[in-house]
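The next block holds one structure in the form of structure tokens; read it before the comments.
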Amino acid sequence: MKTDDILTVDRLKKYFIIPQGIVKAVNEISFSIKSGETFGIVGESGSGKSTVVYTLIGIYGATEGNIIYKGKYNISQNFRKRPHKLKKDIQIVFQDPGSSLNPAQSIKEILETPLKVHNICKNKNDREEKILELLEMVELSANYMYRYPWMLGGGEKQMVAIARALSVNPSLILLDEPTSALDVSVQAKVINKLIQFQKKLNLTSVFITHDLSLMRNVASRIAIMYLGKICEVAQSSEFFDNPLHPYTRMLISSVMVISEEEEKLKPKDITSIGEIPSPINIPPGCSFYSRCPKRMEICKCEDPSFVEITEGHTVRCHLFKK
Amino acid sequence: MSKPLLEIKGLHVGFKVFEGIVKVLDGVNIKVWPFEKVGIVGETGCGKTTTIKAIMRILTGNSLVTPKSEILFEGKNILRMNKSEIEQIRRNKIAMVFQDPTSSLNPVFSVGTQLNDIVKYTYKENKPGEKKLKEDFKQKIMQILKKVYLPDPERMYQSYPIQLSGGMRQRVCIAMALIGRKELLIFDEPGTSLDVTIKDQIFRLIIQIISERKTSMILISHNLGDVKNVVERVYVMYAGYIAEVAKTKEFFDNPLHPYSKGLLLATPKLSGGIGEGISGHIPNYANPPKGCRFHPRCKYRMLICSEKKPPLFNINDSHQVACFLFQNRSNCK
Amino acid sequence: MSKNIYIQKKTSKKWENIQRSWYSFSRNRLSVIGLIVILLVIFIAIFAPYISPSPESAGLYINFSGANQPPSLSNLCGTDGIGRDVLSRIFFGFRISLFMVIVVLALVAPFGVVMGVMAGYFHNNLIGIIIMRITDMLLAIPPLLLALVICSTLNPNVVNAMIAISIGWWPWYCRLIYGYTISIKGEDYVRSAEVIGASNIHILFKEILRNCLSPILTKMSLDAGVIILIASMISFIGLGAQPPTPDLGSMVADGCKYLPELWWISVFPAFGILITALSFNLIGDGIGKIFMKVRG
Chain V
292 MKTDDILTVD RLKKYFIIPQ GIVKAVNEIS FSIKSGETFG IVGESGSGKS
342 TVVYTLIGIY GATEGNIIYK GKYNISQNFR KRPHKLKKDI QIVFQDPGSS
392 LNPAQSIKEI LETPLKVHNI CKNKNDREEK ILELLEMVEL SANYMYRYPW
442 MLGGGEKQMV AIARALSVNP SLILLDEPTS ALDVSVQAKV INKLIQFQKK
492 LNLTSVFITH DLSLMRNVAS RIAIMYLGKI CEVAQSSEFF DNPLHPYTRM
542 LISSVMVISE EEEKLKPKDI TSIGEIPSPI NIPPGCSFYS RCPKRMEICK
592 CEDPSFVEIT EGHTVRCHLF KK
Chain P
195 MSKPLLEIKG LHVGFKVFEG IVKVLDGVNI KVWPFEKVGI VGETGCGKTT
245 TIKAIMRILT GNSLVTPKSE ILFEGKNILR MNKSEIEQIR RNKIAMVFQD
295 PTSSLNPVFS VGTQLNDIVK YTYKENKPGE KKLKEDFKQK IMQILKKVYL
345 PDPERMYQSY PIQLSGGMRQ RVCIAMALIG RKELLIFDEP GTSLDVTIKD
395 QIFRLIIQII SERKTSMILI SHNLGDVKNV VERVYVMYAG YIAEVAKTKE
445 FFDNPLHPYS KGLLLATPKL SGGIGEGISG HIPNYANPPK GCRFHPRCKY
495 RMLICSEKKP PLFNINDSHQ VACFLFQNRS NCK
Chain E
1423 MSKNIYIQKK TSKKWENIQR SWYSFSRNRL SVIGLIVILL VIFIAIFAPY
1473 ISPSPESAGL YINFSGANQP PSLSNLCGTD GIGRDVLSRI FFGFRISLFM
1523 VIVVLALVAP FGVVMGVMAG YFHNNLIGII IMRITDMLLA IPPLLLALVI
1573 CSTLNPNVVN AMIAISIGWW PWYCRLIYGY TISIKGEDYV RSAEVIGASN
1623 IHILFKEILR NCLSPILTKM SLDAGVIILI ASMISFIGLG AQPPTPDLGS
1673 MVADGCKYLP ELWWISVFPA FGILITALSF NLIGDGIGKI FMKVRG
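This is the structure we're talking about:
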């Protein structure tokens, strides 16, 4: 663990026990994030990416493994057991802007809550000024203060959610598919704003999405998850120029693109087949076995381990053995 | 030249709400020829779902369609049809696959029951004397389920929607649209709630079905990438009117309308690069801007844009733009 | 921008919301009719002493010479066995009915709702389990039966009837809000408040309860009708308001012995109960629709 790592996740597991069996939503993953970096996690539904983020923020407590924050705090537990001051240091922006803002509260009340909880401002007037500042930061006029979430468009709601997250000056921000529910032109605005904030405030962020084209433009390092495990980790450009894991190649080949140069990037040897299997009672061996066009006998019984191919590019697949 | 299968002429639709009358559709003109695949691209709130609902005559109670609007299907105006004629259209001519497969399927009935209902409804009038047997219906359903590549159709017949994954539900919805002989299939954002790889599979299925069945198709999406490899012509819709229409290749090679250009730029590229969004936001339909509805957000706006509504100017046979920048380049429509 | 502009904007937004709610409510003609009738009943109840043709009929008044008169111009609803004007007694009877409704709802709704939201939020802990088991026990007994049992052990009067109804009524609110809380608990905005470190009180009241207004208000207006019916039933049996208090239910009971010849003594009070209960129901429908549209 290096000293400038703001977050280290060590063999994290999150299992859910349901009547039908055990759901291994996060099945032993490890990664570290440097300060100021944007770490992207890509995956489809059922991959466990949202569970990872919920465990980081504390909605779930880890079943096993450690999450070390800023080198000294162990935040593997549920948020109720975490120290109060850490709660403002790590913030989250949820996927669905419609449900992340309380429909019964005005925008002012929504933005006031974190300020009140952490005593950011001394009195009511200061709070109002801070809220005006926040609205200006996300380019919403002061008129929005007394509006209700249902009066706002999706992009505007998401901007309010971002303003709420940034109101307490966090060091780490988790973004769970923040623009999936938004249109393309609105998404571009929100993403550009996020990139701006990140540079200005030197934020570290974890960005989750299933949209690879978006990930290319946002993350500096990308990890791809399938059924609770990380399959491949690489720097952003390396990830797209030289994808190694069959699932990575399958995912990139499925992206719908609009220009010729993008078409060239798509691997031609793999097309998507099959569906992600049920995460209940996962069979042993590689989690991708059932859909992998390049599977071998060994993949059925033995789970591969990580191999470093080049600096910073690791992949977990029997096709690549040291 | 043959007549278009579906022709929407000057469709104006408004809704009565608390704020007054919101004029959503402001003169939509769309043509779909027989065996043609057409895409309608537009962002949330542009009116594409309203247009489709107007075609199927399923707009909500507080909707107002102006008398001059026309939706001609095989020459007859859908907006003036009576109840039995509309039922004929829905039974044998036009089918629609809605956006969200989860809410399109009734959760308390099995897939088989729901498909059975549709089969019964579709074949109700075909042979009024002959009593259709339950087995015949089931045969038809099995055929359709196999057509959409659903694994194990027997088990699918008994399953409930909640037991199926998102991709499978979407396939069931597509199967529902394929029952009976249809002239026009409308797909409303078919990949929205699905994973990338599943969406890819669904789109390939749609392309295959359309080419096998030789029907016309309207594909609606808010992503330009979705329509690129699927449709022959692209309509771009903004704030209730058609901003641009062109053949697919020409559109992507040479988009003309500032909104189309903005959309293409804003789409993140797999090879790197994401443009700025389009500044501003969609207009308030209760009080829409005078003249061109896009002009408040347009970098190239001129004085005339805030005064007169631009008609669709012909650039060439298949490419039209509703923008005064191209007034001189064309012979006015 | 000065502070005054915000206050203006805040009040103008609140006014706009009220206008918006009225717009949704007024789309339903039946609900508007219900509202008009209830406003009329409230007006009558408040001004009963001034608009009744014979206010003394509501108290100790005996006029045997004018007894058992059918409806006529001087007594629009006739007179009863002791010669009291039925119409005036109905007017005063509305007072008692509305009084009971207001008091019962004011007791039952806040208590039941608070219990419900606590039980729902802590439903895996001891608090939740205890509250729900008590609720289950009380709900297992039919409310009318429970009210009758309590009334018969206490002295029969209006206040005790209200206590009896209240004890059996709060669990319904508790269970309703329990269900709502459990479904709202998992929403992103509640989670957002939790992870930011908001206190439990904040979450229960500001985040969750604010979203429960719709079912609470709808239920309260529907309940108003039922409470009137149950109160009437209790009085009918004789365990509620005692003579000479003009309670609609006891009036129906008194009049029963004179049916069918002197029909007006029962029928008009029964009609009073009917229109009040029905109108509350219609309002309840409309209120539900306001929230449906607003969240739209």
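Quick note, the sequences are listed as chains V, P and E, same order. Going from the first sequence to my numbering is simple: count from 1 and add 291. Going from the second sequence to my numbering is simple: count from 1 and add 194. Going from the third sequence to my numbering is simple: count from 1 and add 1422. Glycine included, C-beta positions come from ideal geometry on N, C-alpha and C. Note that the structure is predicted; figures quoted are calculated from it, not measured.
- Within the same chain, Cβ atoms closer than 7 Å to the Cβ of residue 458 of chain P are found at 418, 449, the five residues on either side in sequence being excluded.
- Within 8 Å of the CB of residue 553 of chain V, the CB atoms of chain P belong to 463, 464, 465, in sequence order along the chain.
- Residue 307 of chain V has a beta carbon lying at 9 Å or more from every beta carbon in chain E.
- Residue 1597 of chain E and residue 1559 of chain E have their C-alpha atoms some 12 Å from each other.
- Taken atom to atom, the span from the alpha-carbon of residue 1479 of chain E to that of residue 1699 of chain E is near 24 Å.
- Taken through DSSP and simplified to helix, strand or coil, residue 420 of chain V comes out as helix.
- Against chain V, the CB of residue 390 of chain P has a partner CB under 9 Å away; the residue lies at that interface.
- When the Cα atoms are used, residue 1573 of chain E and residue 1664 of chain E turn out to be separated by approximately 12 Å.
- Excluding five sequence positions before and after residue 399 of chain P, the CB atoms of its chain that fall closer than 8 Å to its own CB belong to 342, 343, 365, 368, given in chain order.
- Comparing C-alpha distances from residue 1660 of chain E to each of E:1577, E:1471, E:1489, E:1484 shows the shortest one belongs to E:1577.
- For secondary structure counted as the beta strand (DSSP E) over 3 or more consecutive residues, the segment 416-469 of chain V holds these complete runs in sequence order: 463-467.
- Here residue 309 of chain V has 571 as same chain residues with Cβ atoms under 8 Å from its own Cβ, once five neighbours each way along the sequence are excluded.
- Remark: three or more beta-carbon pairs, one from each stretch, lie closer than 8 Å, so the segment 1600-1616 of chain E and the segment 388-402 of chain V are flagged as touching.
- Those residues of the segment 428-451 of chain P placed with their C-beta closer than 9 Å to a C-beta in chain V are 446, ordered along the chain.
- Of the residues V:354, V:382, V:378, V:499, the one whose Cα lies closest to the Cα of residue 329 of chain V is V:499.
- In this structure, the CA atom of residue 299 of chain P is about 11 Å from the CA atom of residue 291 of chain P.
- Under the 10 Å beta carbon count, residue 502 of chain V is surrounded by 16 or more other beta carbons and is classified as buried.
- Close to residue 426 of chain P, with beta-carbon spacing below 8 Å, lies no residue of chain V; the smallest spacing is near 16 Å.
- When DSSP assignments are scanned along the segment 420-474 of chain P, the uninterrupted stretches of beta strand (DSSP E) that are 3 or more residues long and fall wholly within it turn out to be 427-432, 435-441.
- When the beta-carbon positions are compared, residue 320 of chain V and residue 521 of chain V come within less than 9 Å of each other.
- Proximity to residue 1499 of chain E across E:1476, E:1481, E:1486 peaks at E:1476, based on C-alpha coordinates.
- Taking 9 Å as the CB threshold, residue 1607 of chain E stays off the interface with chain V.
- In the three-state reduction of the DSSP assignment, residue 1573 of chain E falls in the helix class.
- Within chain P, the residues 462, 463, 464, 465, 466, 467, 468 have their CB atoms less than 9 Å from the CB of residue 507 of chain V, given in chain order.
- Distances from the alpha-carbon of residue 558 of chain V to those of V:409, V:543, V:567 put V:543 closest.
- Residue 1619 of chain E belongs to the set of residues whose beta carbon lies under 9 Å from a beta carbon in chain V.
- For residue 378 of chain V, the C-beta contacts it makes with chain E under 8 Å involve 1617, 1618, 1619, in order along the chain.
- CA-to-CA, the gap between residue 392 of chain P and residue 563 of chain V works out to about 8 Å.
- DSSP, read as helix, strand or coil, puts residue 215 of chain P in strand.
- Bounds of the alpha helix (DSSP H) holding residue 529 of chain V are 527-532.
- For residue 328 of chain V, DSSP assigns no beta-bridge partner whatsoever.
- Under the Cβ criterion of 9 Å, residue 263 of chain P is not counted among the residues facing chain V.
- Distance from the CA atom of residue 230 of chain P to the CA atom of residue 377 of chain P, rounded to whole angstroms, is 10 Å.
- Contact between the segment 431-446 of chain P and the segment 234-244 of chain P is present: three or more C-beta pairs spanning the two stretches fall below 8 Å.
- When Cβ-Cβ separations below 9 Å define contact, residue 438 of chain V makes contact with chain E.
- Taking all protein chains shown into account, residue 1537 of chain E has 16 or more neighbouring C-beta atoms within 10 Å of its C-beta and is therefore buried.
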